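Here my numbering runs 45 ahead of the position in the sequence shown, where the first position is 1.
All C-beta atoms, glycine included, are put in the ideal place defined by N, C-alpha and C.
Note that the structure is predicted; figures quoted are calculated from it, not measured.
These notes are about the structure you will find just below.
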Amino acid sequence: MIAARGGYDKMGTVSVSDSTATETASTSATGDVIDELQWRGLIAQSTDLDALRASLAEGPMTLYSGFDPTAPSLHAGHLVPLLTLRRFQIAGHRPIALAGGATGMIGDPRDVGERTMQSAETVAESAVRIAGQLRRFLDFGDEAQTDSQTEAGGKGSAPGANLAIEANNMEWTGPMTAIEFLRDIGKHFSVNVMLARDTVRRRLEADGMSYTEFSYMLLQANDFVELSRRHECRLQIGGSDQWGNIVAGVDLGRRLSTPTLHALTVPLVTSSDGKKFGKSTGGGSLWLDPEMTSPYAWYQYFVNTADADVVRYLKWFTFLDQAEIAELEKATEETPHLRLAQKRLAAEMTTLIHGADATKAVELASQALFGRADIAELDERTLQAALSETEIADFSGTPPTIVELLVGTGLADGNKAARRTVSEGGAYVNNVKVTDEAWTPSPDDLLHGSWLVIRRGKRNFAGARISA
């Protein structure tokens with residue numbers, strides 16, 4: 046399982062595509078989902094790619110990927126396997142989204158340190174929340190659908206015969222006794238093979254590993270076999286760090302004489318400089334839950350993607366076709382300063398997760414904060430989310446001067462530097478230049494009754510919250 050289980054107009058502004066049509070056209074153009082994955086660079090490992098291709102050609106296949114509820118939300122790193130499930134469903138195959146209610150109680154071993162155990166109640170609550178998030182990406186046949194599902198192609202893309210299945214491994218793992226687990230599952234595994242797994246070896250060479258974590262591979266292997274029995278599931282996909290666990294399920298199926306099982310992994314996402322993908326500027330994870338990561342922070346993460354990464358991310362995270370991506374790649378090479386590929390990536394990703402209305406709001410915020418749109422048009426939630434990504438200073442009592450605002454928000458090191466900024470014409474409040482160092486805000490200047498956007502120069506801004 047995956048651990049946390051892991052077009053433009055003439056002015057060059059973003060217009061979000063009809064992704065539903067894009068998805069269908071993209072997949073039908075390849076005629077083969079494996080071809081689709083290959084040109085996108087989405088295949089890291091496979092037990093036998095030719096055999097898998099042949100099996101897929103015989104008719105619709107059921108496949109699955111697992112997501113352990115070790116946190117109350119999925120994060121950006123989960124999108125590669127999750128969107129791969131979606132690509133298979135669009136191609137006519139049937140995906141199973143497995144919530145790891147049982148495996149989430151343990152957690153897949155990490156390279157460093159044992160995971161903190163969570164209560165059964167916490168894991169169960171997280172599983173429910175994650176199941177809701179999965180419904181934004183796969184077609185389960187629900188009547189209701191969100192804006193983001195409609196606009197980003199989350200629903201209506203797949204025929205009814207291949208509706209997604211929701212499963213939770215607590216259904217079969219919970220009732221299993223220790224004796225049954227050891228006799229029916231454990232006897233088929235070689236400890237020598239398990240010890241050879243990279244993560245296990247590194248942990249044993251460092252701080253050791255508990256038997257609980259060591260047993261995780263067996264539980265995931267049993268999931269594959271159980272889903273094969275219940276739903277004729279023949280393929281498991283996951284991140285490349287899950288290769289050992291996934292292949293363990295293939296081997297267990299062979300020992301238990303199940304029909305041939307297949308394994309396929311997708312690459313782990315890292316940036317060109319080796320940094321872990323999906324970490325926000327504050328160091329936390331980039332969550333799919335808008336209450337945990339705002340649409341503005343989500344948009345900003347992707348619009349700041351490096352030139353070296355943006356084409357790869359367009360292939361992995363969007364349903365744009367080869368021609369569209371090639372055009373954006375050419376734009377990145379010829380006019381990198383316009384950042385057209387980054388803007389398209391950010392727009393597609395924000396629409397995918399939060400819907401087109403949120404995308405329009407955050408694009409407006411990005412333009413307004415740097416003086417390219419009317420800042421008064423921003424709704425309060427979007428304004429707060431944008432300012433939360435920078436310094437916010439609180440002022441009460443006597444209205445502060447522009448000098449005090451610059452110093453208090455950290456945009457100037459001291460009064461002298463602040464006065465110099467004002468005299469040189471570099472101080473702005475709500476995108477209006479302030480040239481008098483004694484200037485103070487009036488009630489009419491306050492956005493939504495309490496907010497000011499302070500800017501020094503073209504790109505340095507902060508927020509000020511004013512109270513009586």
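Nearest-angstrom beta carbon gap, residue 415 and residue 503 [assumed within contact, 8 Å]: 7 Å
Please list, in chain order, all residues of the same chain as residue 395 whose beta carbon is under 7 Å from its beta carbon, the five residues on each side excluded. 340, 343, 344, 403, 404, 407
Between the segment 204 to 220 and the segment 240 to 254, do three or more beta carbon pairs fall short of 8 Å? no
Could you check the C-alpha separation between residue 233 and residue 350 for me, to the nearest Å? 45 Å
Kindly give me the distance between the Cβ atoms of residue 451 and residue 492, rounded to whole angstroms, as I take these residues to be in contact under 8 Å. Contact doesn't hold; Cβ gap of about 18 Å is too wide.
Which residues bound the beta strand (DSSP E) around residue 307? 307 to 311
Candidates 273, 275, 269, 303, of which the one nearest residue 292 by Cα: 269
Note down the Cα distance separating residue 224 from residue 230, rounded to an integer number of angstroms. 10 Å
Residues bridged to residue 285 (per DSSP): DSSP lists no partner for residue 285.
Secondary structure of residue 171, DSSP reduced to three states: helix
Restricting to Cα atoms, I'd like to know which of 150, 160, 446, 250 is closest to residue 167. 150
Let me know the alpha helix (DSSP H) ranges lying completely inside the segment 201 to 257, each 4 residues or longer, listed in chain order. 215 to 218, 236 to 240, 243 to 250
Taking the alpha helix (DSSP H) that residue 411 falls in, what are its first and last residues? 401 to 414
I need the straight-line Cα distance from residue 480 to residue 488, nearest angstrom please. 19 Å
Boundaries of the alpha helix (DSSP H) in which residue 140 is found, first to last residue: First-last for residue 140: 139 to 144, but that is the beta strand (DSSP E), not the alpha helix (DSSP H).
So, do the segment 99 to 107 and the segment 136 to 146 have three or more beta carbon pairs nearer to each other than 8 Å? yes
How close, in whole Å, do the beta carbons of residue 448 and residue 460 come, if the pair is a contact with beta carbons under 8 Å? 6 Å
If you drop the 5 nearest sequence neighbours on each side, which residues of the same chain put their C-beta closer than 8 Å to that of residue 143? 46, 109, 110, 111, 112, 212, 213, 214, 268, 272
Taking the straight line between their C-alpha atoms, what separation do you get for residue 121 and residue 398? 10 Å
Would you mind reading off the limits of the beta strand (DSSP E) that contains residue 442? Run containing residue 442: none; DSSP gives neither H nor E here.
Which partner residues does residue 497 have in the DSSP bridge list? 509
Taking the beta strand (DSSP E) that residue 110 belongs to, which residues open and close that run? 107 to 112
Does the beta-carbon of residue 290 have 16 or more other beta-carbons within 10 angstroms, so that it is buried, or is it exposed? buried
Three-state secondary structure (DSSP) at residue 477? strand
Can you tell me whether residue 375 is buried or exposed? The criterion is at least 16 other CB atoms within 10 Å of its CB, across all chains shown. exposed
Counting along the chain, where does the alpha helix (DSSP H) carrying residue 276 start and finish? 261 to 276
Counting along the chain, where does the alpha helix (DSSP H) carrying residue 460 start and finish? 460 to 468
Pop quiz: residue 317 and residue 354 are said to be a contact at Cβ under 8 Å. What is the actual Cβ separation, rounded to whole angstroms? 5 Å
Run through DSSP, which three-state label would residue 514 get? Limits of the chain in this structure are 46 at one end and 513 at the other, which puts residue 514 out of reach.
The alpha helix (DSSP H) spanning residue 424 covers which residue range? No alpha helix (DSSP H) contains residue 424, which DSSP labels as neither H nor E.
Measure the C-alpha to C-alpha separation of residue 484 and residue 356 and round it to an integer number of angstroms. 47 Å
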